[in-house]
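**Student:**
In the numbering used here, the protein residues as written are 54 to 255.
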């Protein structure tokens with residue numbers, strides 16, 4: 054099984070990747086929504102150029118065909134995209150795969166695809182997008198970790214730096230952050246604080 058870094062920022066542009074990569078991050082997800090295919094391809098290509106220069110691994114959210122074409126390191130799929138993705142092609146290209154889960158049925162579907170990591174969310178309330186699920190809470194992290202075995206577990210949703218220790222204590226291997234970095238008044242200082250705080254996490 055792979056090991057994920059404890060700090061896993063998610064951003065919505067190659068520009069953000071360029072701002073965060075020099076700080077020493079190891080992994081970053083590029084999540085682009087409601088954009089034309091040519092814009093997504095251009096952003097993925099630009100983000101990959103930065104990541105290769107800085108030694109960072111790039112996760113492309115949902116747009117698996119573009120991720121394959123451009124040679125990203127990881128693909129992250131939501132449940133709907135999991136239904137449509139060519140998992141054989143993804144594996145044939147040696148791509149790493151992460152899958153989002155929110156309930157037991159989704160976890161079963163995810164595990165059937167043999168992902169490299171599983172994401173669980175939202176752990177806390179989040180205002181970034183409408184969620185049909187109630188916050189999962191810390192006990193669900195512990196439950197998911199028991200169910201997925203050796204696979205890394207990524208906790209996501211409403212997690213601030215101040216809440217990170219509780220997520221790790223509950224069993225999360227990595228914490229995905231969006232608003233707590235890109236929405237912060239000083240995002241680069243906040244990202245640096247995340248790196249410092251999680252440096253000792255195995």
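Every residue gets a Cβ at the ideal spot worked out from N, C-alpha and C, and that includes glycine.
Looking at the structure shown, is residue 192 part of a helix, part of a strand, or coil, going by DSSP?
**Tutor:** Here residue 192 sits in helix by DSSP.
**Student:** What did DSSP end up calling residue 149 once you bin it into helix, strand or coil?
**Tutor:** Note: residue 149 maps to strand in three-state DSSP.
**Student:** Report, in whole angstroms, the separation of the C-beta atoms of residue 213 and residue 239, which I expect to be a contact under 8 Å.
**Tutor:** So it is not a contact: roughly 14 Å between Cβ atoms.
**Student:** In the DSSP assignment, what residue or residues form a beta bridge with residue 61?
**Tutor:** Residue 61 pairs with 229.
**Student:** Measuring CB atoms only, is the stretch 184 to 201 touching the stretch 164 to 173, in the sense that at least three cross pairs come out at less than 8 Å?
**Tutor:** With the cut-off at 8 Å, the stretch 184 to 201 and the stretch 164 to 173 touch.
**Student:** Can you tell me the Cβ-Cβ gap for residue 109 and residue 81, rounded? I've got them flagged as a contact below 8 Å.
**Tutor:** That belief holds up - the Cβ atoms of residue 109 and residue 81 are roughly 6 Å apart, short of 8 Å.
**Student:** So for residue 120, helix, strand or coil by DSSP?
**Tutor:** Helix, per DSSP.
**Student:** Which partner residues of residue 129 appear in the DSSP bridge assignment?
**Tutor:** The partner list for residue 129 (beta bridge, DSSP) reads 114, 151.
**Student:** Using a threshold of 7 Å, state whether the C-beta atoms of residue 83 and residue 102 are closer than that.
**Tutor:** In this structure, residue 102 does not lie closer than 7 Å to residue 83 by Cβ.
**Student:** Just the Cα atoms here: how many angstroms apart are residue 77 and residue 61?
**Tutor:** Approximately 12 Å, taken between the alpha carbons.
**Student:** Leaving out five residues on either side along the sequence, give the residues of the same chain with a beta carbon under 6 Å from the beta carbon of residue 63.
**Tutor:** Excluding positions up to five away in sequence, the list reads 82, 84, 229, 231.
**Student:** Can you tell me the Cα-Cα spacing of residue 133 and residue 226, whole angstroms?
**Tutor:** When rounded, the distance between both Cα atoms is 24 Å.
**Student:** Should residue 119 be labelled buried (16 or more other beta-carbon atoms within 10 Å of its own) or exposed?
**Tutor:** Buried.
**Student:** Cα separation between residue 79 and residue 66?
**Tutor:** Approximately 17 Å, taken between the alpha carbons.
**Student:** Quick one: what's got a C-beta closer than 6 Å to residue 59's C-beta in the same chain, skipping five residues either side?
**Tutor:** So the list reads 227, 251, 254, once near-sequence residues are dropped.
**Student:** Would you grab the beta carbon distance between residue 97 and residue 138 for me? Rounded to a whole angstrom, and I think it's under 8 Å.
**Tutor:** The Cβ separation is near 16 Å, so there is no contact.
**Student:** What separation, rounded to the nearest whole angstrom, lies between the Cα atoms of residue 151 and residue 168?
**Tutor:** Straight-line Cα distance between these residues: approximately 6 Å.
**Student:** Could you give the C-beta distance for residue 12 and residue 188, rounded to a whole number, given that I count them as a contact under 8 Å?
**Tutor:** Limits of the chain in this structure are 54 at one end and 255 at the other, which puts residue 12 out of reach.
**Student:** Am I right that residue 104 and residue 74 are in contact with their C-beta atoms under 8 Å? What's the rounded C-beta distance?
**Tutor:** Confirmed, Cβ separation roughly 6 Å.
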